[in-house]
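First to last, the protein sequences are chains A and B. Reading the first sequence from the start, the letters are residues 3 to 357 in this note's numbering. Reading the second sequence from the start, the letters are residues 287 to 578 in this note's numbering. Everything below concerns the one structure shown next.
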Amino acid sequence: MKRLIIRKKSRKNFITYGIVLVAYIALMAVVSAGAMPSALQGLLVPMCAYIIAALSLNLTVGVLGELSLGHAGFMSVGAFTGCTAAMALADSGLPVWGRMIVAVVVGSLLAAAAGVIVGVPVLRLQGDYLAIVTLAFGEIIKTVVTNLYIGIDPNGLRFGFLKPDIGLGKGGRMIVNGPNGISGITKISSLTAGFIIIMLCLVIIFNLVDSHSGRAIMALRDNRIAAESVGINATKYKLMAFVISAAMAGAAGALYALSQNTVTANKFDFNTSILILVFVVLGGLGNMLGSIVAATVLYILPETWLRQFSDYRMLIYAVVLILMMLITNSSKVRMLLAKLLPHKKSAEKEGEADA
Amino acid sequence: MSFINNLINGISLGSVYAIIALGYTMVYGIAKMLNFAHGDIIMVGAYICFFVCSGAGLSPILGILAAVLVCTVLGIVIEQLAYKPLRQVTSLAVLITAIGVSYFLQNAAQLLWTSNPRIFPAIFGNGGVQLGGDLTIPYKTLVTIGACVIIMVALILFTGKTRTGKAMRACSEDKDAAQLMGININSTISLTFAIGSALAAIAGVLLCAAYPKLIPTTGSMPGIKAFTAAVFGGIGSIPGAFLGGILLGVIEIFSSAYLSTELANAIVFLVLIVILLVKPTGLLGKKISEKV
Numbered sequence: 003m004k005r006l007i008i009r010k011k012s013r014k015n016f017i018t019y020g021i022v023l024v025a026y027i028a029l030m031a032v033v034s035a036g037a038m039p040s041a042l043q044g045l046l047v048p049m050c051a052y053i054i055a056a057l058s059l060n061l062t063v064g065v066l067g068e069l070s071l072g073h074a075g076f077m078s079v080g081a082f083t084g085c086t087a088a089m090a091l092a093d094s095g096l097p098v099w100g101r102m103i104v105a106v107v108v109g110s111l112l113a114a115a116a117g118v119i120v121g122v123p124v125l126r127l128q129g130d131y132l133a134i135v136t137l138a139f140g141e142i143i144k145t146v147v148t149n150l151y152i153g154i155d156p157n158g159l160r161f162g163f164l165k166p167d168i169g170l171g172k173g174g175r176m177i178v179n180g181p182n183g184i185s186g187i188t189k190i191s192s193l194t195a196g197f198i199i200i201m202l203c204l205v206i207i208f209n210l211v212d213s214h215s216g217r218a219i220m221a222l223r224d225n226r227i228a229a230e231s232v233g234i235n236a237t238k239y240k241l242m243a244f245v246i247s248a249a250m251a252g253a254a255g256a257l258y259a260l261s262q263n264t265v266t267a268n269k270f271d272f273n274t275s276i277l278i279l280v281f282v283v284l285g286g287l288g289n290m291l292g293s294i295v296a297a298t299v300l301y302i303l304p305e306t307w308l309r310q311f312s313d314y315r316m317l318i319y320a321v322v323l324i325l326m327m328l329i330t331n332s333s334k335v336r337m338l339l340a341k342l343l344p345h346k347k348s349a350e351k352e353g354e355a356d357a
Numbered sequence: 287m288s289f290i291n292n293l294i295n296g297i298s299l300g301s302v303y304a305i306i307a308l309g310y311t312m313v314y315g316i317a318k319m320l321n322f323a324h325g326d327i328i329m330v331g332a333y334i335c336f337f338v339c340s341g342a343g344l345s346p347i348l349g350i351l352a353a354v355l356v357c358t359v360l361g362i363v364i365e366q367l368a369y370k371p372l373r374q375v376t377s378l379a380v381l382i383t384a385i386g387v388s389y390f391l392q393n394a395a396q397l398l399w400t401s402n403p404r405i406f407p408a409i410f411g412n413g414g415v416q417l418g419g420d421l422t423i424p425y426k427t428l429v430t431i432g433a434c435v436i437i438m439v440a441l442i443l444f445t446g447k448t449r450t451g452k453a454m455r456a457c458s459e460d461k462d463a464a465q466l467m468g469i470n471i472n473s474t475i476s477l478t479f480a481i482g483s484a485l486a487a488i489a490g491v492l493l494c495a496a497y498p499k500l501i502p503t504t505g506s507m508p509g510i511k512a513f514t515a516a517v518f519g520g521i522g523s524i525p526g527a528f529l530g531g532i533l534l535g536v537i538e539i540f541s542s543a544y545l546s547t548e549l550a551n552a553i554v555f556l557v558l559i560v561i562l563l564v565k566p567t568g569l570l571g572k573k574i575s576e577k578v
């Protein structure tokens with residue numbers, strides 16, 4: 003019986019890997035055949051970044067069961083540190099993929115560090131109090147990054163806070179310029195980089211969930227008191243999930259920033275955190291494939307299909323969002339729909355996990 | 287003198303936060319949901335008042351009444367259409383729906399009223415009460431602080447003394463038991479939304495009287511901060527929301543006056559974090575012991 007469950011689970015995981023792989027190959031084929039409009043092509047890497055962010059938030063919200071409203075803060079840390087690393091190494095002769103790897107590693111390491119700093123106090127709280135503190139940290143990170151100045155000269159990196167004058171030597175240049183953020187970024191991230199990071203995140207998440215630690219984390223989610231009473235160290239396992247999640251968000255941030263011309267701290271505000279949360283909840287808590295699909299559809303939809311409605315597109319997006327939540331969650335609305343569409347199967351199975 | 291001025295400004299801004307936070311806390315207490323659309327109802331209220339006063343040239347009192355009326359109806363409609371079908375499901379699903387409603391209101395406002403900033407009229411006049419020396423308290427500040435105190439006292443009396451108010455408290459404590467006692471849960475929740483939205487309308491008018499630039503996203507940041515204030519004071523508690531709102535306003539004005547304007551928001555949130563670490567259920571929040 004147990005083996006059957008495990009086999010079923012890993013089959014589901016392989017389906018997820020497979021779908022991502024097929025989607026990547028298909029996209030690469032379309033791109034290299036030149037059949038993709040350039041406007042859409044520019045959306046591919048940010049889309050990957052949002053998928054990674056959604057996966058990482060799903061680890062916090064779906065697997066760990068804690069609501070985080072400041073996830074964009076970790077993306078911000080990853081974006082700014084990763085981008086700084088990539089730009090500082092611009093003249094080092096490192097190949098593009100080398101710089102990309104350095105950027106993603108630096109971004110996720112520093113985001114993980116931020117995750118520890120935020121996680122230690124935050125994870126002592128519960129429920130909505132925890133949510134509001136993650137929101138507060140997200141806003142603090144945004145404010146700090148807005149006032150951060152980083153430059154580079156032959157002596158190395160120079161940092162400044164609140165003051166734009168950081169005493170750059172000869173031949174120095176600014177990288178992070180306070181409220182103006184980073185501009186003139188060399189776009190070195192690519193669809194392939196995005197694909198590799200998505201696959202890595204999936205491997206990490208699936209293996210974590212199936213491991214001893216993962217079961218401890220989910221036990222804490224389902225019943226903290228029972229889990230603690232059998233000797234699970236709540237702080238350790240919660241922090242583990244939270245920091246891994248933060249590190250992945252950092253990688254997403256670095257990937258995103260290196261696909262743009264400019265990034266500012268305001269890009270990663272409360273609304274971005276909420277956007278990622280919407281992907282996660284609509285995709286299904288704890289369901290990684292769901293997060294990927296929801297992030298893809300909801301990121302691409304307002305930019306493409308909804309364009310025909312021009313000014314009304316965000317209004318329609320809002321209505322779609324509300325309707326989707328009503329249809330997937332309310333039995334009454336579903337019954338009403340079943341009456342309206344008599345031939346449609348009304349019994350939709352929902353893989354609902356409790357929050 | 288500047289210290290007293292800052293203190294008064296802080297209390298005034300805090301009063302606006304407190305009124306919004308009172309609405310948040312009432313809705314949270316009874317429906318156990320974070321109503322993210324609350325901040326956007328503030329914006330709708332402010333626009334309605336703007337059009338009645340500046341557009342139609344009617345008196346400010348009519349403007350405030352119209353704003354309260356429209357927002358109350360709007361609150362009830364939103365509750366009936368978007369939240370009521372989701373009474374039984376997880377709070378996260380309702381949260382996302384509330385976010386959808388918030389997007390909807392912001393974008394509808396953008397379409398109807400464009401994103402060009404409107405300058406809110408000085409509906410309480412430009413004068414003030416002279417208090418010796420160069421210290422003047424503007425009328426708008428007095429009105430704001432007065433309104434906040436009146437609303438808080440009224441809410442405490444309402445929830446403490448009246449039948450409907452007691453029904454409301456009963457619902458927030460135990461819905462099933464309240465229903466068995468013959469309380470109509472649905473109408474009680476709708477009433478709570480109506481009160482919360484009416485408060486949001488008043489807060490919108492007062493906010494724009496103090497900070498006259500009105501755009502479709504005017505309500506978002508005060509909404510988030512008021513939500514913070516409600517948590518700060520202990521969410522679900524009426525005096526807590528009042529205290530949290532006032533403290534938040536004072537901290538914000540003081541940190542931008544004495545420490546750094548750029549970092550004011552960060553300092554506000556940092557204080558919140560410290561308070562929650564010391565008192566994990568807010569200043570006046572009840573400690574609920576967990577049942578095993």
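Every residue gets a Cβ at the ideal spot worked out from N, C-alpha and C, and that includes glycine.
- Residue contact check for B:I488 against chain A: no CB pair falls below 8 Å.
- B:S523 is outside the set of residues whose beta carbon lies under 8 Å from a beta carbon in chain A.
- For A:V178, the uninterrupted beta strand (DSSP E) run begins and ends at R175 to N179, by DSSP.
- One thing to note: B:N321 has its Cβ no nearer than 8 Å to the Cβ of B:I539.
- Contact between the region 326 to 339 of chain A and the region 83 to 100 of chain A is absent: fewer than three C-beta pairs spanning the two stretches fall below 8 Å.
- Under the Cβ criterion of 8 Å, B:E459 is not counted among the residues facing chain A.
- Within the same chain, A90 and I152 come within 7 Å of A:L159 by CB-CB distance, once the 5 residues on both sides are set aside.
- Put simply, the backbone Cα of B:F528 is about 35 Å away from that of A:M316.
- Boundaries of the beta strand (DSSP E) around A:G153: L150 to D155.
- Along the length of the region 398 to 463 of chain B, whole alpha helix (DSSP H) runs at least 4 residues long occupy 425 to 447 and 449 to 459, reported in chain order.
- In this model, A:V135 and B:I436 are separated by some 30 Å (Cα to Cα).
- For B:L545, the closest alpha carbon among the candidates A:L164, A:R217 and A:A221 is that of A:L164.
- A:D313 is the residue among A:T148, A:I200 and A:D313 whose C-alpha sits nearest the C-alpha of B:A394.
- Interface residue (Cβ-Cβ distance to chain B less than 8 Å): A:L150 is not classified as such.
- Comparing C-alpha distances from A:A229 to each of A:A218, A:K238 and A:T237 shows the shortest one belongs to A:A218.
- Taking 8 Å as the CB threshold, A:L164 lines the interface with chain B.
- Taken atom to atom, the span from the alpha-carbon of B:T474 to that of B:T450 is near 8 Å.
- A:F197 and B:I382 have their C-alpha atoms spaced approximately 28 Å apart.
- Proximity of B:V536 to chain A, defined by a Cβ-Cβ separation below 8 Å, is not satisfied.
- Of all residues in the region 383 to 413 of chain B, those with a C-beta nearer than 7 Å to a C-beta of chain A are T383, I385, G386, V387, Y389, F390, N393, A394 and L397, reading in chain order.
- Of all residues in the region 543 to 566 of chain B, those with a C-beta nearer than 8 Å to a C-beta of chain A are S546, E548, L549, N551, A552, F555, L556, L558, I559, L562, L563 and P566, reading in chain order.
- Rounded to whole angstroms, the separation of the alpha carbons of A:A251 and A:L112 is 11 Å.
- Assignment of A:R101 by DSSP, reduced to helix, strand and coil, places it in the helix class.
- Excluding five sequence positions before and after A:A259, the CB atoms of its chain that fall closer than 6 Å to its own CB belong to A81, C85 and V265, given in chain order.
- With a cut-off of 8 Å on Cβ pairs, the region 12 to 22 of chain A is not in contact with the region 266 to 273 of chain A, counting fewer than three such pairs.
- Taken through DSSP and simplified to helix, strand or coil, B:K499 comes out as strand.
- Within the DSSP bridge table, the entry for A:I184 names A:V178 and A:V265 as partners.
- Of the candidates A:M77, A:S12, A:L210 and A:I318, A:M77 places its Cα closest to the Cα of A:G109.
- Under the rule that a run must span 3 or more residues, no beta strand (DSSP E) segment is found entirely inside the region 343 to 406 of chain B.
- Ranked by how close their Cα comes to the Cα of A:R175, the residues A:L193, A:P156 and A:N182 have A:P156 in first place.
- Taking one beta carbon from each stretch, the region 497 to 508 of chain B and the region 337 to 345 of chain B have fewer than 3 pairs nearer than 8 Å; the two do not touch.
- Spanning the alpha carbons of A:G233 and A:S247 requires a straight line of approximately 24 Å.
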